[in-house]
Structure formats: C-alpha cells, structure tokens
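Data block below; observations after.
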Amino acid sequence: MAKKLKEVLDDAGISMDLQYGGESPEGLTEREIKKSPHPRVQKLKDIFMDTLSSANNEFPYWYTREYMMHDNEIPVVRRAKALRTAFSHLTPVIFPGELLVMRKASFFRGSFPMPWLSEGFYMAHEDDFYQEALKRGSASVDEHSKFGQGGGNVTKSFGRVISIAGKFGMRQEEVPALLKLAKMWAGKSVDDLGNKYEKMVPEYPVKEQIMRSIVCMFDSGFTLPQGREVINYYYPLEYGFDGIIKMATELKAEVAGKADGDGMVGMNRLYNYEAVIIALQGVQNWIANYSKEARRLEKLTTDKIQKKEYKEIADRLDWIEHNPPRTFIEALQMIETIHLAVLNEDAISGMSPGRIGQILYPYFEQDIEAGRITEDEVIELLELDRLVKTSIDCFASTGVVGGVLSGNTFNTVSIGGVDRFGQSAVNRLEYLILEAAVRNAMPQSTIALLYDEKIPEDFLMLAMDVIKSGAGYPAFMNSPIAQEFLMKQYGPEGMNLEDARAWAIGGCLETSPCAWKPLHLNGKEYFIPGGAGQPTSVGVHFISMPKVLELTLFNGIDPRTNEKVYEPHNRKLTTYDEVWDQFTKYWQKSVEVLAWTNNIQHDIWRKNNMAVINSLLKPDCLDNGHLINELGYRYNGTFNIESAGTITLVNSLAALKKLVYDDKVVTLAKLKEAIKDNFGFKDAREVNSFSLADQEKRDDSAGKWEELHFKTLQAPKYGNDDKYADEILLQWENFFCEDSSRYESLYGLKMYPCQISVSTHGAMGSATLATPDGRLSGTTFADASMSAYPGTDRNGPYALLNSATIWDHSKSQNSQLNIKIHPTAVRGIEGSRKLLDLTRAYMRKGGFHVQYNIVDSKVLKDAQLNPKNYRDLMVRVAGFTQYWVEIGKSVQDELISRTEYEGV
Amino acid sequence: MENGKVKRESDVVQAPPLKEELKGLVFDVQGHSVHDGPGTRTTVFLSGCPLNCVWCCNPEGLFHHQVMLFKESKCVKCGRCIQACPYGAITVEDGKIVHDRNKCDHCETLECVGACLQESTDLSGRYYTVDEMMKIFKRDRQFWGSKGGVTFSGGEPLMQKNFMLAILKECKKVYIHVAVETTSCISTNYFMEAMDYIEWVFTDIKHMDPDKHKELTGVDNKLILKNIETLATKEDWNGFIVPRIPVIPGLNDSDENIIATAKFVKSIGLEVINILPFHRLGESKYRQLGLVYKFADQKAPTKESMDNIKKLIEDEGLVCFVGYETPF
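So the protein sequences, as listed, match chains A and B. If you use the working numbering, the first sequence corresponds to residues 1 to 904, in order. If you use the working numbering, the second sequence corresponds to residues 1001 to 1328, in order.
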C-alpha cells in the first residue's frame, strides 16, 4: 500500500498535526527572523554604529617615558615597568548603560600606536626613516591594500582630525606628539633593530625583492607579533590577581640565585617573577581607576537605576582587582579586563577567548542553581560581550590592518568540541552564546563550532539557524582532524590526547594548542580549557603562490616591474615536471629566507618586547618561571608558513600542463606573451573592479588572444571532481605539508603549513599579472585555500567538496572553504537539516573547515552602490565576519562573484 | 566577461549514441537539490516528453535528441559559428545571428557549438552511460544525508525506457532512494514495472477534464489518472505519492477543477496535494531554442488565489502544501 503521509512525516521526525515544517526544537524559535538585542544593548550598539575609530597617545606616551628612564634595568623588568606606568595612566571611560566596563583606550572604539614595534609608518612622508622603510619594501603592500571606505574607518582626514594608518582618526594637535614619540624609537624599535640584524642573512637581498614584488605580504616580528592564539583566563579566575602576585612573590624567594641545572636561563626566573608582579600591579591600578570613575559617575547621576548600576560596577571592579570572581558577572568582567589588558600589551590581532562557554560554565551553573541570575540576564551580558569585542580595534599599518585583516580583530569564540574524556563538551551556556549571537549580530566574537560526531543534533540545528541569520557564523571546524594535526605537531613537546581535546581556534581559523586546568568554585572542581601555546600565524606570512609561479615562468624577473627577484634559473621548462620542480625551488628559497629573517625579528622582539601579561596567563609560565621568550609555554612549536592563492596556482598549473605540455596547443613562449599582454584586456585598476567577470577588453586587442584565453578558461579547474586538476592540488599539498617541517623557528622547533587567505587574495592578486588559468592581471585570487575560483565550480557543491577532500587535511594547521548559498536554498527547518547534512558530509570526508555566506548576490551589489543603506550588513570574508562597508573594494568584488548555490 | 567558463560535465560535445550502447540523454544534473523529495538529493533531468504543455518551463526537455541552445546575450558576433556550420544554417540579419532551425534540426554534428568561444552556442544535453550516472550518484550520496537520494525529472524521466530500467535496477542494488517527477503518461505495464524501484512519486494532475487536458498538454488524462490510481491502490507498493497541480491562472485554477482533483485524490486513498504556482523562469530557454514562449505575459497566481486553492483542497479533507514549503 502506498505509504501514508503520517509515516513519511514520522520518518522526518515531524508530528502529523503540523503541516508546515513542524515545531522547532528547543531554542529554535522565530526562525529566519532577525532578532533584536536587549534595549540596553541596542542603545550602546547605536553608539557603536555612529562611532569612528580613534587613536591617541596616552599609552605610548607613558610607556615611552617610563621605558626611557630605565636603561639600567634588565629588559623584562624594564618592559614590565613601562607597562605598569602606561596602564596606570589610561584614562577610564564608562558609557551609560554598560554593565561590562573597560576599554582599550579612552574611546568607545579605538586604539593607540606602539612605536616600539615599528615607528616608520607614523612618520611624515619626507622623514628619512619613512623613506628607508619604503625602500625596504615593507611599505609597498600599503599601495595594494584597500580599506573599506565606510563604517567606522577614518580613511581620510577631515576637519581637525588626521587619518592615521588608513583607519584611525587622531586629533590634529596630537600628531606632532606622535611623531616625536616615534622618533624616540628610531633605531630601537623591533622593526629597526630587527632590520639591522636580518641584513646579516646572506640571502637578505632576495627577501627585500620578495617583499617589494609582493611575493610575500608582511614581516612577522614587528607587525602583529602575538595573536592567532587562544588566551588563558585560568590563573586569575582561580587565584585572583592578589593570589598570583602572592604566588610570584613566594616563587621569587624560592628561585633567587638558583640556576636549578639550567645554566642558560635558569637564573632569569627571578627577574621574570619580578616582572609578573610589576605588570600585574599596572593592571590592578588600571582596574582601580575604572572603579574610581564608576564611583564618580555614581555621584553625578540622578537616575536611580543608573546610580545603582555604577555602584555595582565599582563594587565588582574593587573585588576583581584583588580576588577571584564569585559569580557569572564577576567572572565575565574579569575576562573582559584580562582580554583588554593582553591586547594593550602588544600589537595583537586574533587573541581568541577560546571555549568561553565551557570556561564560564561553573559560574553559570552555580548562579542559575542559586537563583542569582536568569538565563535572560545571561543572554543580555553575552550580547554586551559581543559589543565589547566588536569595539576592539587593532592598530598597525594600512597594509596589515586593511590588506590582511580587513579591520577585523578575530576574537573568535569556540563552541562544541569534546571534553577531557572525549564526550561532547556542549553545555547549556553554549546554547545561550548562540542565542546572543543571533540577537546581537555583530562581527565579534566570530564563532567556531568544533565539530564532532558526538555533538547533540539540536545544538547543530541551532547553529544552522544562526548561520541562516546571515551573520556568517558559526564556521564549522573538524575537531578530530584538528586533534590529529595537534598530536603530530606537538607530540614531540609532550602533547597527549587529553590536551589535544582541549584545542580551540585562535584567530580566524588557526588550530591552537590548549590545555585543561582545574578550577575550583565553592568546593566543586571543574576542568576548563584554555590556551597553552605561543602565537600561531607567525613566522612566514602569506606567500603568493601564483606570483612564485609567475617568477618561475619569467626566469626570476618580476615582469610587472622588471626587477630581479630570484636568481634566474635559465631552464628551458620543456616539461611540466621541470616547471613544477623549478616552482618548488623558488618556493623553498622564499620560505627559507623569510624564515631566517623573520626569526631574527622575532628574536629581537623576545629580547626587548616579550609578552609579560599574556605569558603569565599561559600554562606553564608561572610554574616554571619562564615567559614566552624562554619557552615557558607548554607548546612552543607554533610558527607556521602561510600560503595564499592555492587554487589560482592549482588551476594555473593545470592549464599549463594541459595546454602547453599535454595537448601542445600553445607554446610556453606564446602563453607568456599573452600573460604579459593580459590576454588583450585592460588592467583591473583601470576598470575599477577586481572581479574577473567585470574585466573589459582593450580596444586595440583585436581578438588576438581570444581563442587562447578561451582555452585557458576551459582548461581543467579545481572544484569539479576532475582528477586532472585535483591531483595537482594533491601534489601541492603533499609537497607543502612535508616541506614546511624542514624549516625551524627561532625556538628550534619545526614549522607547519597554514592555509588561510584572510584578505591577502585581494592585495596579492592586485600585484600579479594574468595567470595561465585565464585569471586577468590585478584581479583577486581564489579566496581561502579550498574555495573554487569564482564561477569555475560548475558541477555543484558535491563535486567541489569531493575535490577539496582529495588530500589529508590533518597534515596542515587548517584549510579553508567558503561557500555562498542563496537564502532560498536553506529556507525552513528542512533547509536547516539539508545544510547540516552537507556540512556533516564534508566533515566526515575529512574536510577541516567550511563556512557559509547565506546572502543574495543582488543584495551585495546594491550594497556596493548604496553603502549608506547597509551599515549593518555583515558578510563572511575568509575566516571571519565583517561589516560590508568596512571591507576594501577588491574583496567586496570577490565576494559578489563567488559562485552562489541556489536551491533547485 | 561571461565567456569561456570551465566545462561542465554536461558540456562535452558528443556524437549521438550508437544503438547497441545503452545511454540516456540528460539535460541537467543538479547536486544538492533541496526541493525534489525527502532530504538533500541529486536531481537528473532526462530529455523527451509525451506531453507538450503550453506553459512548459523546461522546453529543452521536450526533445528526444540533442538540440542547440543559442544565448544571444553572450554572442559577440565573431562569426566563427557561421564558418563552422556545414549546412549554411547560420546567417546575419540586421546585425543579429539567425539560425535556420529547419536545417539545425537535422544536424547531428553541431560544429557551431565547438566553434563558439563565448559559450553562446551550447548543447541541450549530454548522453550518459549507466556507469557514468552511477559514478556521480556514488560520489554525491556521501553528501545527501540519511534521507536523500536521486530524483529523476525531465521531460518525462520514464521516456527512455531501457536506460531508465537499467539505472533504476542499479540504484536499487546499491540502496539509493529514488524519487521521480513524472507525468504518469506512459503505458501502465511499464509504469508499474518502473515503480518497483521507486519509493517516491511526484505526479502532475494538470486538469481533471480530459478534453481540457488535451487542449493544454496535447494528450487526454485517462492514462494518467489510471496509472496514478493503479499505483495508489497497489497492495504491495510501499512508496509515497505526492500529486501536484501546477497552478496556471485561467487554465486550471477554477474552483471546480481544484475540487474535482481533490475528490479524485481522496477517492484513491491519497492524502496530499502539492500546488505549485506558475512561474516564467523558462522563458529564456525558449528564446535559446529559437521558439516563441506564448506565456511570456502570463501572470503568476496571486497569494490570495493560492490560499483559496489550498482552502478548497483542505475542505476536501486533504493536506495541501504550497510551493516548495514542504516538510520533507
């Protein structure tokens, strides 16, 4: 008998009396409806939306003043003293309605420069130091990096406000002070001192050329020396600041004068503990100043409720200045304070809070049980936390902040994963984190869901719902694959499976080593996960793979500038294998010289500019008395090699192999000629679009390259389940993953591959001529590392996902796949289920990461034309969510042209 | 610049199949199809159809052989196709490329498709062997999730009998869930034989009046209704049937016809009707085929009209799903 509807619906888990998709599981209410934050949060959010990013000199002034006074002091103590003074002088600022207080600088949204890292780009153009920096090549990326022109970015000076680093506004009268401060660091900054010594690497001239030609984007040691890691809040939560100071004081007495078998750095423990105490005093002063400000405001305010809130803020701050937190709100305030303190210590992007729902769970559980807080109040606080995190700005050069980060700071929160025993780690608080992320949809914190088969189905469905709200998060990360990677990389440093399970995402999608620590609250013990490793995404930053291929084809000479980058190989390139072989040789040359020079920069950083606050938080610095610079962290093999343009390279090699070597339809010489002539097209900048689809033919081209260009576009492309192209990806991955471990970081540990593009595919594409795959000069590369080039994945998502999993993702720190889906394809509860099916299938096949943009391309096009109407439109870029208006044009164009999967 | 994108699996120019090879003409394969049955599916569109509905949105599916599609918006008038055509079927008139479709219809070699650098000249479909088809399903099934499978659509998916029976048997052998979107307008014996391998059936009831049905589709509805009834009442068939009404304003949306359809559906023991509002998304394909789309000005039914139809169906004691908002 034909099946009855009831049976079919029962199979689908739906009861008969509901006709249109059935009742949502718990927490899945108001589907596909945009939710609003609590009124308190909305008011503060309104302020955020109207606030421009500001910068001032308060912190650098006091830091520099104190630092310069102590040239007689041991570096770590000297640095701690400078930090203490700077923190103690930060002007507190509290906004009405805030419950979680403290800001990076004295603005709602803003930051400050750190000339001790690099002072060059603050200088006026005529300044000698600036000119020197320009010659070094580190400034050339600025020319290729574009900032979003809207939102909170101050990209142009106006009135008495000067635009600094393409993002911040600074009052005109502060600029001379900034220049004076910057000059005081000339020759002393990590940038300058590092450069002095990196020049002693015999291959240094190659590095200079590599940077000038944008084979590589950015030095590592002085740009964003820390970040892309998971912070650890454990010690202050367990012991409080007084507790840590007491501990450090006792340990100081214990180690004074003793080497304990370590003749190199054993003695340093004394100075390190001294530095810990000094730096924490600065943080305590900073908290106390905020408390004073809250009490001052309490007196001024007539509004009774606001008065009470100021008092409670002050009471909370007074408590956490000394003691471990007792309640959820105290713990959350403590976490915000620590987070901002670490971010103020160094130029950092990607300081991720980690598995915050599991860290705060003890307080949540006990408060709820005792009736001290309601779930609604928790959600409101979590909404406020998103506002705090989104208001954080990172101060670096235009090239770094615009070209790489798109202004994002990557305070990624991880949810899900497994506990110490391998069971699902999802708890009730993580459901509320997702709920708050829908209600207060803002770019930060971006959410990473650590996928494991054991995670409850309703939690995954709720995550799908959040994705459908259009904010781009959560992204899915494969927990077992990450654990495999961690065991391989950190096994030699003693990592066991238990620690591997503590992992979280640092930065946008960097697998980061973590550890469990026992937290005690009212006699109950909880094991909480937290960061236990050094920064990742340090070492060798983004190398442009298509550019290396271009240089391979053009005998080491950059055809765009006619400058020699590598020693000419003078090979005939008569076979595909010869091209591949030469490509790998140039690649290795680049990695080698960049590893050596960046090792020197980081070494200068660790000698004079080491982390004190971030270090003392991480296992096992307090235990062993060594900070980051003396390998005090539990895991130190975190330096990586970053690739960019993977799929553009794969497609280019596939086209070369097919057209020149297999089918012989064109000679290499002819193809190079076409590349130089951009296949008869205008330059992307002339067209002012960076998407391939918008490029225009030159009037004088007369169809000369038409047929060849067609053939390059028709050559096999990655993402179509076509082995011809996919096996080249496999060849690359096998080479890259093995090769990376040949290089050694300054900490004497082997490096590994990192495969994310962030926003470099825009800037690097801008400096690369046409490629053999038919991509035109100046246009963006394929984003991420597993996304197909826009428009070339023509056999649907299944073919793409099959192509992406041809290689073993656990050999790399990460991989990245962005998929754009039309909202109609995921409509309703069934749409959620089907999106989850797709995601789960990719994870089961061993894909590491996938994230979705649920957005209509037509909306994005309209937003480009009418940015004012789309101030709050958010999109997923490459590992992070950002306001559309704060993204540069090249990346906007790439987002629009990404293949859109519609429902059929 | 829309020209010259990567080849699709369906883009390869092929000679028509030799008689002894079992191949099916497929005009599209869509992975991650979310509206064509339970779960996420791969939908295969097969060419050829016994009906000729005046509003058809997949006109390329009406043909039993490969035809040439011409996308004028992509044409740069380079003249390559004119040179390539051995029959002189392509000319330029008033600055536009014009095809003499009478000549094209006999062409089996389609040189114009290979000559075009802009993908403005394209083939309507590709011949697949059973093995090629199964290879795609085996890849795709990793992504369907537990409820998904393959949906055969068209055209009329059951037209290419030998190919379809072969592929249905293969699917059953490897436990693939099969759905069809069928006209039910084929011989009852073959229809019932095919259904042994099919678990889910979307079947159109375009009109209850045989004469009206003939006027709209070229055939009357007797065989269709008979097949649906035979299947619905077959004791040992365990699949699920979703009758569908494509709602075309003015043609089949009268209260009388809707009620008659609902009564029929109820009388054979079924419980559901899925109503699909008319849309004009097929319009560009008519132009590409050099055909005139008579429904270019036809309006989609209003929401009120769809609501009314839904109510009429529900009043007959049936469940009504509107559009693709279904719980499966």
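Heads up, the beta-carbon is just placed ideally off N, CA and C, and yes, glycines get one too. These figures come from a predicted structure and were not determined experimentally.
Check: Contact set between B/Arg1139 and chain A, taken where Cβ atoms lie within less than 8 Å; Outcome: Asp721, Tyr798, Ala799 and Asn802
Check: Cβ shell of A/Ile277 (< 7 Å), same chain only, five flanking positions each side left out; Outcome: Ile245, Ala248 and Thr249
Check: Beta strand (DSSP E) runs wholly inside the segment 372–452 of chain A, at least 3 long, in chain order; Outcome: 413–416 and 447–451
Check: Residue closest to A/Glu664, alpha-carbon to alpha-carbon, out of A/Asp699, A/Leu708, A/Arg634 and A/Val875; Outcome: The sequence given here has Lys at residue 664 of chain A, not Glu. The residue with the shortest Cα to Cα distance from A/Lys664 is A/Leu708.
Check: Contact the segment 258–275 of chain A vs the segment 339–359 of chain A: 3+ CB pairs below 8 Å; Outcome: no
Check: Given 8 Å, three or more beta-carbon pairs between the segment 199–211 of chain A and the segment 750–761 of chain A; Outcome: no
Check: 8 Å CB neighbourhood of B/Asp1105 in its chain, flanking five on each side removed; Outcome: Val1067
Check: Limits of the alpha helix (DSSP H) - the one that B/Gln1189 falls within; Outcome: Correcting the residue identity first, residue 1189 of chain B is Asn in this sequence and not Gln. Element bounds for B/Asn1189: Thr1188 to Met1195.
Check: Contacts that A/Glu706 makes with chain B (C-beta to C-beta distance below 8 Å); Outcome: Cys1078 and Leu1117
Check: A/Ala82 (DSSP reduced to helix, strand or coil); Outcome: helix
Check: Whole-angstrom distance between B/Ile1275 and B/Lys1103, CA atom to CA atom; Outcome: 40 Å
Check: First through last residue of the beta strand (DSSP E) which encompasses A/Thr584; Outcome: That residue, A/Thr584, is in no beta strand (DSSP E); its alpha helix (DSSP H) goes Tyr576 to Asn608.
Check: Span separating the alpha-carbon of B/Ile1258 from that of B/Thr1203; Outcome: 15 Å
Check: Contacting positions in the segment 1192–1210 of chain B - beta carbon closer than 9 Å to chain A; Outcome: Glu1199, Trp1200 and Val1201
Check: Beta carbon of B/Thr1042 nearer than 8 Å to that of B/Val1026; Outcome: no
Check: Interface flag, A/Asp219 vs chain B, CB-CB below 8 Å; Outcome: no
Check: Short-range partners of chain B found in the segment 685–711 of chain A, where Cβ spacing is below 9 Å; Outcome: Leu692, Ala693, Asp694, Gln695, Glu696, Lys697, Gly703, Glu706, Glu707, His709, Phe710 and Lys711
Check: Residues bridged to A/Ala55 (per DSSP); Outcome: A/Ser111
Check: CB contact flag (A/Leu179, A/Asn57, <8 Å); Outcome: no
Check: Cβ separation of A/Met786 and A/Ser544, assumed to be a contact under 8 Å, to the nearest whole Å; Outcome: That pair is no contact at about 17 Å.
Check: Distance between beta carbons of A/Gln695 and A/Thr779, contact taken as under 8 Å; Outcome: 7 Å
Check: Beta-carbon proximity of A/Cys508 to A/Phe880, cut-off 8 Å; Outcome: yes
Check: Residue from A/Lys307, A/Asp262, A/Val230 and A/Ile320 whose Cα sits closest to the Cα of A/Tyr239; Outcome: A/Ile320
Check: Interface partners of A/Ala825 on chain D, CB under 8 Å; Outcome: This model lacks chain D altogether, as its protein chains are A and B.
Check: Unbroken beta strand (DSSP E) run spanning A/Arg228, endpoints; Outcome: Gln226 to Val230
Check: Exposed unless 16 or more other CB atoms sit within 10 angstroms - verdict on A/Glu453; Outcome: exposed
Check: Interface flag, A/Lys834 vs chain B, CB-CB below 8 Å; Outcome: yes
Check: Sub-8 Å separation of A/Ala655 and A/Asp773 beta-carbons; Outcome: yes
Check: Cutoff 8 Å: A/Lys104 Cβ touching any chain B Cβ; Outcome: no
Check: Three-state secondary structure (DSSP) of A/Ala515; Outcome: strand
Check: Alpha carbon of A/Gly350 to alpha carbon of A/Ser111, nearest angstrom; Outcome: 15 Å
Check: Contact set for B/Asn1162: own chain, Cβ-Cβ below 8 Å, skip 5 residues either direction; Outcome: Leu1022
Check: For B/Leu1110, the first and last residue of its enclosing beta strand (DSSP E); Outcome: From DSSP, B/Leu1110 is part of no beta strand (DSSP E); its letter is neither H nor E.
Check: Contact set for A/Ala862: own chain, Cβ-Cβ below 8 Å, skip 5 residues either direction; Outcome: Residue 862 of chain A is actually Asp in this sequence, not Ala. Asn869 and Tyr870.
Check: Buried versus exposed call for A/Ile305 [16 or more other C-beta atoms within 10 Å across all chains shown]; Outcome: exposed
Check: Residue-chain proximity (B/Pro1243, chain A), Cβ-Cβ < 8 Å; Outcome: no
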